[in-house]
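Participant:
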Amino acid sequence: MRHVATGWLRPFLVGASGLWIVALLVLSAGPASAAVTSLTVTTTYPKVQVDPGGQVDLPILVESPTPAQVDLSVNNVPDGFKTSFRGGGFIVTSVYTSGNDASPAPTDLKLRVEVPDAAAAQDYNMTVHATSNGVSADLPITLTVASSEGNGVSLTTAVQAKTGAIGSPTTFSLTLHNDTAADVKFSVTVPDAPAGWTITAKPSNEADPNNFTIAGGDTDTITVSADPPDGVQAGDFQFTVVASDGGQNTAQLALGIRLSGSEAISMASTSGVLNAAANAGAATQYSVTITNTGTAPLTAVSLSDTPPSKWTVAFTPTTIDSLAPGQTVTVPVTITPASDAVAGDYSVTLSVTGGTATDSIQVRTTVNTYTLWGYVGIGLIALVVLALLLVFRRYGRR
Numbered sequence: 029m030r031h032v033a034t035g036w037l038r039p040f041l042v043g044a045s046g047l048w049i050v051a052l053l054v055l056s057a058g059p060a061s062a063a064v065t066s067l068t069v070t071t072t073y074p075k076v077q078v079d080p081g082g083q084v085d086l087p088i089l090v091e092s093p094t095p096a097q098v099d100l101s102v103n104n105v106p107d108g109f110k111t112s113f114r115g116g117g118f119i120v121t122s123v124y125t126s127g128n129d130a131s132p133a134p135t136d137l138k139l140r141v142e143v144p145d146a147a148a149a150q151d152y153n154m155t156v157h158a159t160s161n162g163v164s165a166d167l168p169i170t171l172t173v174a175s176s177e178g179n180g181v182s183l184t185t186a187v188q189a190k191t192g193a194i195g196s197p198t199t200f201s202l203t204l205h206n207d208t209a210a211d212v213k214f215s216v217t218v219p220d221a222p223a224g225w226t227i228t229a230k231p232s233n234e235a236d237p238n239n240f241t242i243a244g245g246d247t248d249t250i251t252v253s254a255d256p257p258d259g260v261q262a263g264d265f266q267f268t269v270v271a272s273d274g275g276q277n278t279a280q281l282a283l284g285i286r287l288s289g290s291e292a293i294s295m296a297s298t299s300g301v302l303n304a305a306a307n308a309g310a311a312t313q314y315s316v317t318i319t320n321t322g323t324a325p326l327t328a329v330s331l332s333d334t335p336p337s338k339w340t341v342a343f344t345p346t347t348i349d350s351l352a353p354g355q356t357v358t359v360p361v362t363i364t365p366a367s368d369a370v371a372g373d374y375s376v377t378l379s380v381t382g383g384t385a386t387d388s389i390q391v392r393t394t395v396n397t398y399t400l401w402g403y404v405g406i407g408l409i410a411l412v413v414l415a416l417l418l419v420f421r422r423y424g425r426r
């Protein structure tokens, strides 16, 4: 069965269908691009600030309604200023436009303006002039010359002085600010590095520290590593990091390191032998050497012992007032076993402490019993032998 719209409903449906088709066509077409109707030259930044002696690169867009070669020039250039158009890695004086909205216009064309060092702080006006087939277009540009504090570049860090350890490098993280309007090519040096130190400064991404560029208004992180020489003594050391483009754009920052030496100490037998012999109740002499094997001086170095029960150990002296790095001191030690010590081997521990450093050795001490009963025993044996000789002599003749 067919249903046919009649009466007032038919025109309504026809009108709604027409509106729906128009809406679909509009949505499918998308936004329309404005066609280029005349020769134009534009820039995103018609007014910029630049430092004396600096330079600025302004992006320039040239468009025309049909493909054409467009000649470029700059009018009203102030005295001492230098201008040039650059594109594709070349200095250019004209560009070729496509004249087709579907084709992208050149995006790498830039106007470079170099400002003299003596330029006064004020506004400078100039005009980019474009001509093609008798048609011309102009673009007014204003450069405001104004000196930035610190010549436009600066070095900063969160920590300007650190404590380091001898034998290990100390690192700093610096930020190099380029507050000028132009890209600046830097080199980083340390002209006053302490004698024997190895100090390196590396920009981010491992760039060459003697030739790296920071864009105008941008920053870069500089990692400084300071490695002290072998044998350096503890103390305070200072040096200066300098970032410069070889001209007026120079920044410097003083850094400091307080080296704290390592504490280490060694105890050894003077003779190289870790054993001794002694008689019960009788003193025996021994000696040790104490050496500061660290890089920091030691003070109030103390000696101690852990002997067997009833034994005595005496150091002369028991305390060393100070011990410089690499210094060695010989200390006599008196070891006295207990008077009732049984013959055998005993362990005597000798220790030394200086600051946070400690060391110890164990001396094996052999005890021989040598008392009055020993003499009595020898005498009795001699009497027995003598008696036997007399008996054999007297009764041997029978």
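According to the working numbering, the stretch in the sequence shown is residues 29 to 426, in order.
Built from N, CA and C at the ideal position, the CB exists for glycine as well.
Got a sec? Which residues, its chain only, sit under 6 Å from Gly245 by beta carbon, not counting five neighbours each side?
Facilitator: Nothing listed; no residue qualifies.
Participant: Quick one: grab the DSSP three-state call for Phe109.
Facilitator: Note: Phe109 maps to coil in three-state DSSP.
Participant: By Cβ distance below 6 Å, which residues in the same chain neighbour Pro365 in space, the five residues on each side in sequence not counted?
Facilitator: Closer than 6 Å at Cβ, skipping near neighbours: Ala306, Ala308, Trp339 and Val395.
Participant: What do you get for Phe118, buried or exposed, if any count of 16 or more other CB atoms within 10 angstroms of its CB means buried?
Facilitator: Exposed.
Participant: Based on Cα-Cα distance, which residue from Leu67, Arg286, Leu287 and Val370 lies nearest to Asn161?
Facilitator: Checked all of Leu67, Arg286, Leu287 and Val370; the closest Cα to Asn161 is Leu67.
Participant: With DSSP as the reference, please indicate the residues paired to Ile406 in a beta bridge.
Facilitator: In the DSSP output, where bridge partners are listed per residue, Ile406 has none listed.
Participant: Quick check on DSSP: helix, strand or coil for Leu416?
Facilitator: Reduced to three states, the DSSP call for Leu416 is helix.
Participant: From Val69, Thr185 and Gly82, pick the residue whose C-alpha is nearest to that of Asp273; which is it?
Facilitator: Selected option, being the one with the closest Cα: Gly82.
Participant: Only counting the same chain, and skipping five residues up and downstream in sequence, which positions put a Cβ closer than 6 Å to that of Tyr124?
Facilitator: Answer for Tyr124: Gln97, listed in chain order.
Participant: Would a C-beta distance cut-off of 8 Å place Ala229 and Val187 closer than the cut-off?
Facilitator: Their beta carbons are not under 8 Å apart, which means Ala229 does not touch Val187 by this criterion.
Participant: Rounded to whole angstroms, what's the CA-CA distance from Val380 to Ala193? Just pull it up for me.
Facilitator: For Val380 and Ala193, the distance between alpha carbons rounds to 24 Å.
Participant: Under three-state DSSP, which class holds Glu234?
Facilitator: Reduced to three states, the DSSP call for Glu234 is helix.
Participant: Indicate the three-state DSSP secondary structure (helix, strand or coil) for Tyr73 in the structure shown.
Facilitator: In the structure shown, Tyr73 sits in coil (DSSP, three-state: anything other than H, G, I, E or B).
Participant: Per DSSP, Asn277 is paired with what?
Facilitator: Its beta-bridge partners do not exist; DSSP assigns none.
Participant: Could you check whether Gly383 and Leu326 sit closer than 8 Å to each other, using their CB atoms as the reference points?
Facilitator: Yes, the Cβ-Cβ distance between Leu326 and Gly383 is below 8 Å.
Participant: Out of Tyr152, Ser294 and Lys213, which one is the CA nearest neighbour of Leu331?
Facilitator: Among Tyr152, Ser294 and Lys213, the Cα nearest to that of Leu331 is on Ser294.
Participant: Quick test of the definition: if touching needs 3 or more C-beta pairs under 8 Å, does the region 209-225 touch the region 343-358?
Facilitator: Not touching, per the Cβ criterion.
Participant: At a cut-off of 7 Å, is Val260 close to the ligand NAP when judged by its beta-carbon and the heavy atoms of the ligand?
Facilitator: Ligands displayed in this structure: none; no statement on the ligand NAP is therefore possible.
Participant: Could you tell me the alpha carbon to alpha carbon distance between Leu137 and Asn233, rounded to whole angstroms?
Facilitator: Approximately 28 Å between the Cα atoms of the pair.
Participant: Determine the contact status of Ile318 and Val301, defining contact as a CB-CB distance below 8 Å.
Facilitator: No, Cβ-Cβ distance for Ile318 and Val301 is not below 8 Å.
Participant: When the Cα atoms are used, what is the spatial distance from Ser164 to Gly275?
Facilitator: One C-alpha to the other measures close to 39 Å.
Participant: For Met295 and chain B, any beta-carbon pair shorter than 8 Å?
Facilitator: Looking for chain B here will not work: only one protein chain is present.
Participant: Only counting the same chain, and skipping five residues up and downstream in sequence, which positions put a Cβ closer than 6 Å to that of Arg421?
Facilitator: Excluding residues within five positions, none has a Cβ falling inside 6 Å.
Participant: Only counting the same chain, and skipping five residues up and downstream in sequence, which positions put a Cβ closer than 7 Å to that of Ser367?
Facilitator: If we look at Ser367 and ignore the five residues flanking it on each side, its Cβ neighbours are Ala308 and Gly309.
Participant: Helix, strand or coil for Gly162 per DSSP?
Facilitator: Gly162 falls in the coil class under three-state DSSP.
Participant: Is the beta carbon of Thr155 closer than 8 Å to that of Pro144?
Facilitator: The answer is no: Cβ separation not under 8 Å.
Participant: Fully enclosed by the region 202-231, which beta strand (DSSP E) runs are 3 residues long or longer?
Facilitator: DSSP runs (the beta strand (DSSP E)) wholly in the region 202-231: 212-217 and 226-231.
Participant: Figure out for me which residue from Asp258, Ala254 and Ala235 has the closest Cα to the Cα of Asp248.
Facilitator: Residue Ala235 is the option with its Cα nearest to Asp248.
Participant: How would you call Gly289, buried or exposed, if buried means at least 16 neighbouring beta carbons within 10 angstroms?
Facilitator: So Gly289 ends up on the buried side.
Participant: With distances taken from CA atoms, which of Asp258, Ala279 and Gly284 is nearest Phe267?
Facilitator: Phe267 has its Cα closest to that of Gly284, out of Asp258, Ala279 and Gly284.
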